[in-house]
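Worksheet for the structure shown next.
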Amino acid sequence: MGVFVIRRLIGMVLVLFAVSFITYLIFIKIPGGDPAQRIAGKLATAQNIADIRLKLGLNHPFYVQYYDMMKQIFERKLVSYQSQLNVVGQIEEGLPATFSLAIGAGIIWLFFGIVVGTISAITAGRLSDRLITVLALIGISMPVFWLGIVGRYLLAENHPFGFLPDSGYVPITQSPVQWAYHLIMPWFVLAVLFIGFYGRVLRSTVLDTINEDYVRTARAKGISYRRLLVRHVLRNSLIPIVTLFGLDFAAVLGGGAILTETVFQLQGVGQYAAMSITTLDLPPIMAVTIYATFFIVVFNFLVDLLYAWLDPRIRPA
Amino acid sequence: MTTDTGTELGSDSFADLAAEAHGDIAGRSPWVLAWRRLRRNWVALAFLGLFAVICACCALAPVYAHHVAHTGPNDNHVGESLVVHGKTIPIISQGGIKFVNGKTVFTPGGIPIGPQLWRAGGRFVLGADGNGRDVAVRLLYGGINSLKVGIGSALICTFIAVILSLLAGYYGGAVDFVISRFFDLIWAFPVLLLAIALGTALSINGFHHFGITIPSGSLWIPTLVISYVLIPYVGRPLRGQLLSLREKEFIAASVSQGAGPLRVMFAELLPNVASTVLVFFTLIIANDILTEAGLSFLGAGVQPPNPSWGTLIADGQDRIATAPWLAITPGIAIVLTVLALNVFGDGLRDALDPRAKVRIEH
Numbered sequence: 175m176g177v178f179v180i181r182r183l184i185g186m187v188l189v190l191f192a193v194s195f196i197t198y199l200i201f202i203k204i205p206g207g208d209p210a211q212r213i214a215g216k217l218a219t220a221q222n223i224a225d226i227r228l229k230l231g232l233n234h235p236f237y238v239q240y241y242d243m244m245k246q247i248f249e250r251k252l253v254s255y256q257s258q259l260n261v262v263g264q265i266e267e268g269l270p271a272t273f274s275l276a277i278g279a280g281i282i283w284l285f286f287g288i289v290v291g292t293i294s295a296i297t298a299g300r301l302s303d304r305l306i307t308v309l310a311l312i313g314i315s316m317p318v319f320w321l322g323i324v325g326r327y328l329l330a331e332n333h334p335f336g337f338l339p340d341s342g343y344v345p346i347t348q349s350p351v352q353w354a355y356h357l358i359m360p361w362f363v364l365a366v367l368f369i370g371f372y373g374r375v376l377r378s379t380v381l382d383t384i385n386e387d388y389v390r391t392a393r394a395k396g397i398s399y400r401r402l403l404v405r406h407v408l409r410n411s412l413i414p415i416v417t418l419f420g421l422d423f424a425a426v427l428g429g430g431a432i433l434t435e436t437v438f439q440l441q442g443v444g445q446y447a448a449m450s451i452t453t454l455d456l457p458p459i460m461a462v463t464i465y466a467t468f469f470i471v472v473f474n475f476l477v478d479l480l481y482a483w484l485d486p487r488i489r490p491a
Numbered sequence: 026m027t028t029d030t031g032t033e034l035g036s037d038s039f040a041d042l043a044a045e046a047h048g049d050i051a052g053r054s055p056w057v058l059a060w061r062r063l064r065r066n067w068v069a070l071a072f073l074g075l076f077a078v079i080c081a082c083c084a085l086a087p088v089y090a091h092h093v094a095h096t097g098p099n100d101n102h103v104g105e106s107l108v109v110h111g112k113t114i115p116i117i118s119q120g121g122i123k124f125v126n127g128k129t130v131f132t133p134g135g136i137p138i139g140p141q142l143w144r145a146g147g148r149f150v151l152g153a154d155g156n157g158r159d160v161a162v163r164l165l166y167g168g169i170n171s172l173k174v175g176i177g178s179a180l181i182c183t184f185i186a187v188i189l190s191l192l193a194g195y196y197g198g199a200v201d202f203v204i205s206r207f208f209d210l211i212w213a214f215p216v217l218l219l220a221i222a223l224g225t226a227l228s229i230n231g232f233h234h235f236g237i238t239i240p241s242g243s244l245w246i247p248t249l250v251i252s253y254v255l256i257p258y259v260g261r262p263l264r265g266q267l268l269s270l271r272e273k274e275f276i277a278a279s280v281s282q283g284a285g286p287l288r289v290m291f292a293e294l295l296p297n298v299a300s301t302v303l304v305f306f307t308l309i310i311a312n313d314i315l316t317e318a319g320l321s322f323l324g325a326g327v328q329p330p331n332p333s334w335g336t337l338i339a340d341g342q343d344r345i346a347t348a349p350w351l352a353i354t355p356g357i358a359i360v361l362t363v364l365a366l367n368v369f370g371d372g373l374r375d376a377l378d379p380r381a382k383v384r385i386e387h
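Heads up: the protein sequence lines correspond to chains A and B, in order. Take the position in the first sequence, starting the count at 1, then add 174; the result is the number in the numbering used here. Take the position in the second sequence, starting the count at 1, then add 25; the result is the number in the numbering used here.
So, in structure tokens, the structure goes:
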């Protein structure tokens, strides 16, 4: 186990390095991405551009530039080319919104995904199952930003059935009630896709498990249906859901809810990333990529550990 | 307890097949058997039909634009007006102040004309946008671009993933190590972030490296970006399947008869994963259309004035309060298309291999 953990930790560092380096190469190699020219503007002289290059260290070889940028990120000194604001500080400002969105939506989609999947599986073939299957399919077929726009149009204040705030984020420290009130719609909009998806996965794993020999044995021994379902069937069927949840949750924490954050103007890390990308602002893009990849590799690792703990057969030797 | 194997799966027992063949048990290929199962799943076939209808409608966009709507996808009609039931209505409403019974009534202007259905003889069936362009025409032309990007990137993505996983599965060892690390690396990238970053960066000046030139507004940019970021979603499960297949006896038999690497890969291994690949392909198109919409929504996909369903939603977003049809209609088009592909993909999976666990993860 120890060797496994150490090997995975080294792998994580390597992945972080590779991902950041590739991101860097992409943006250095892109024509028109030359930051000096972009900062200097259209009327700049060659001398202006040369000065900016010197100031930002852009005349160094690319690997030196990469090293400098990484060093600045870890020393929290990196500033944006566009706004001159500290990049790490900007990400930290976005964290509360992104975490609020991810945690709330995660609880909702996990809860409803399990409920919907279980109901669908134990009533397989009946009307409720058909209905859930259809709704789940529609759920996974909707673009999340479109659902957000339509939701805002129908349910936000000053609109046909409006009773929710239109958009924006209120810090929990300022007013917990307003915080939840503003986040209800983003939570559900983000959760819809995952509810449909998890419901479908759980339905099929429960149906697989329910036909296993050990379930039949447990029934033969006279166990109650509820106990059978919770202790024997669900417990085993939830393993794939645990994996999925770990990875999806990490992606959303890492700013993967770019579309939801943008539609609802939540000012989170995802929206910061989207804004920086439209201006091709390299420092924030680098920092957000590293931040997001960090969550992905860490949660990948945690899922593997949890998996090994849940299922001894896959425990690494 | 009722189980999953309802009408469409369990009914093709050997007895049924034998009875149909009048007592002669004829050998049938797995594809024929799969088609028999699929044929009975009318829901899946109906949704395949829906997808075909959507594709056909989009393909006929120029015909519709020319003969029915009498306008192009990028033709502005600001300042013009439309005759509906003998009344003349401006395409973009003019606001103004009226005095009615001594009160001032202010009407805001600049609101495009709403869906006319067939009232104006085929013009502005789904209304106009802020520039006085025909939404129905733009929707169909946008569909062409969305479907091109979706199907094109699914083709490229599946092709590359199949080749890489065949190489990894056949050679194993060091080749497998390199290819699976490549999959891991893309897997670890924040996918949407990477796609948006690549899409935005490339759409500024295009791509001019390695002797390849792609101009900046090209549809190839979103197509290639989307296919690249989704490679591991197909490649990883395929590789796993192929690694277990290569240990099977029929591979050893084939090798012992002198089959070379290409023959083993394409004549022995590939047919055994073909059904998985086919199902993946269908579901990947659905996923790609959604990804394209997301990229275009953020301005990193199809570039204006080229319409696509994602850009149409983005354009309509700001006018949702006064002209909701702008954002709602392209969204419905996406939902119908993706739903059709998902339902058909599910049916195809059940027909080809009821036990297969092919799923697209988001």
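C-beta atoms are modelled at their ideal positions from N, C-alpha and C, and glycine is treated no differently.
Give the range of the alpha helix (DSSP H) segment to which LEU440(A) is assigned. Unbroken run through LEU440(A): none, as it is neither H nor E.
Excluding the 5 residues flanking ASP340(A) on each side, which residues of the same chain have their C-beta closer than 7 Å to its C-beta? ARG326, ALA330 and GLU331
Can you tell me which of the three DSSP states PHE195(A) falls into? helix
Sort ALA311(B), VAL162(B) and ALA59(B) by Cα distance to ASN99(B) and report the nearest one. VAL162(B)
Is the Cβ of VAL363(B) closer than 9 Å to any Cβ of chain A? yes
Within 9 Å, strictly: CB atoms of PHE176(B) and LEU192(B): Per the sequence shown, the amino acid found at residue 176(B) is Ile instead of Phe. Cβ distance not < 9 Å, so ILE176(B) and LEU192(B) don't count as in contact.
Using C-beta distances below 6 Å, list every residue in its chain close to ASN410(A), excluding the 5 sequence neighbours before and after it, in chain order. THR383
Let me confirm a value: ASN367(B) is counted as buried when at least 16 other C-beta atoms fall within 10 Å, else exposed. Which label applies? buried
Separation of HIS406(A) from GLU249(A), as counted between CA atoms: 50 Å
Residues that PHE184(B) bridges to, as DSSP identifies them: None; PHE184(B) has no bridge partner.
Contact list for the stretch 245-259 of chain A against chain B, Cβ threshold 9 Å: none
Which one of VAL88(B), ASN101(B) and THR316(B) has the shortest CA to CA distance from LEU165(B)? VAL88(B)
Outcome for ASP154(B) when other beta-carbon atoms lying within 10 angstroms are tallied against a minimum of 16: buried
From the DSSP output, in three-state form, read off THR453(A) for me. coil
Along chain A, in chain order, which residues have C-beta atoms closer than 8 Å to that of ALA352(B)? TRP320, ILE323, VAL324 and TYR327
Let me confirm a value: LEU172(B) is counted as buried when at least 16 other C-beta atoms fall within 10 Å, else exposed. Which label applies? buried
Do ILE251(B) and CYS182(B) have their C-beta atoms closer together than 9 Å? yes
Buried versus exposed call for THR362(B) [16 or more other C-beta atoms within 10 Å across all chains shown]: buried
Identify every run of the alpha helix (DSSP H) within the stretch 316-352 of chain B, keeping only runs that are complete inside it and at least 4 residues long; order them along the chain. 334-342
Find out if the Cβ-Cβ distance for the pair PRO215(B), GLY326(B) is shorter than 9 Å. no
Residue from ILE309(B), ASN170(B), PRO330(B) and TRP212(B) with nearest C-alpha to TRP245(B): ASN170(B)
Using a 10 Å radius around the Cβ and a threshold of 16 neighbouring Cβ atoms, would you call GLU435(A) buried or exposed? buried
Could you compute how far the alpha carbon of ASN66(B) sits from the alpha carbon of LEU75(B)? 15 Å
When Cβ atoms are compared, which residues of the stretch 321-352 of chain B fall closer than 9 Å to chain D? Among the protein chains in the structure shown, which are A and B, there is no chain D.
Ordered along the chain, which non-local residues of its own chain (more than five positions away) have a Cβ less than 6 Å from that of LEU323(B)? ILE221
Let me see if you follow: with CB-CB separation under 9 Å, is ASN474(A) close to chain B or not? yes
Which of helix, strand or coil does DSSP assign to ASP154(B)? coil
Exposure of GLN445(A), with buried meaning 16 or more beta-carbon neighbours within 10 Å: buried
Exposed or buried, which one is PHE473(A) when buried takes at least 16 other CB atoms within 10 Å? buried
Classify PHE236(A) as buried or exposed, calling it buried when 16 or more other Cβ atoms lie within 10 Å of its own Cβ. exposed
CB contact below 9 Å: GLY35(B) versus chain A: Bear in mind that a pLDDT of 45 at GLY35(B), under 50, signals an unreliable position, so the number given afterwards is only what the model happens to contain. GLY35(B) does not count as touching chain A.
What's the gap between the Cα of ILE314(A) and the Cα of LEU367(A)? 5 Å
Taking only beta-carbon positions, decide if ILE221(B) is within less than 9 Å of chain A. yes
Check whether the Cβ atoms of VAL160(B) and TRP350(B) lie closer than 9 Å to each other. yes
Where does LYS128(B) sit, in a helix, a strand or coil, going by DSSP? strand
Assuming contact is defined by CB atoms lying nearer than 9 Å, are ILE200(A) and ALA226(B) in contact in what I supplied? yes
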